[in-house]
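Numbering (this note's numbering), first residue to last: 7 to 95.
The following block contains the structure:
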């Protein structure tokens, strides 16, 4: 992917090394395992499609989530969802 930049003196420079910023935040999300819908995990593994965690992080998993602590935001959202389900019974 390249990016074209117009400089003040009207010269054009093409930057071939430019890559899109796929980060969704301050980087803390990279240190956690995240909660996602179970049926999407297999699809992501087979097809390489990105997952969206409960906290909003979007990524293609490539590591063992058991090696990392659970994302506190995902955990909080999950527990809130469970408590609502219990209240509906």
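We treat Cβ as the ideally placed atom computed from N, Cα and C, and that holds for glycine.
On a predicted model such as this, the values are computed, not experimentally measured, just so you know.
Bounding residues of the alpha helix (DSSP H) (the contiguous stretch that carries residue i)
i          : result
residue 50 : 44-53
Opposing strand residues paired with residue i [DSSP bridges]
i          : result
residue 57 : 65
residue 39 : 76
Neighbourhood of residue i by C-beta distance below 7 Å, restricted to the same chain and skipping five residues each side
i          : result
residue 54 : 66
Residues near residue i in its chain [Cβ-Cβ closer than 8 Å; skip 5 each side]
i          : result
residue 84 : 41 and 60
residue 75 : 37, 38 and 39
Subject >> Inter-stretch contact at 8 Å, needing at least 3 Cβ pairs: the segment 36-43 / the segment 73-80 >> reply: yes
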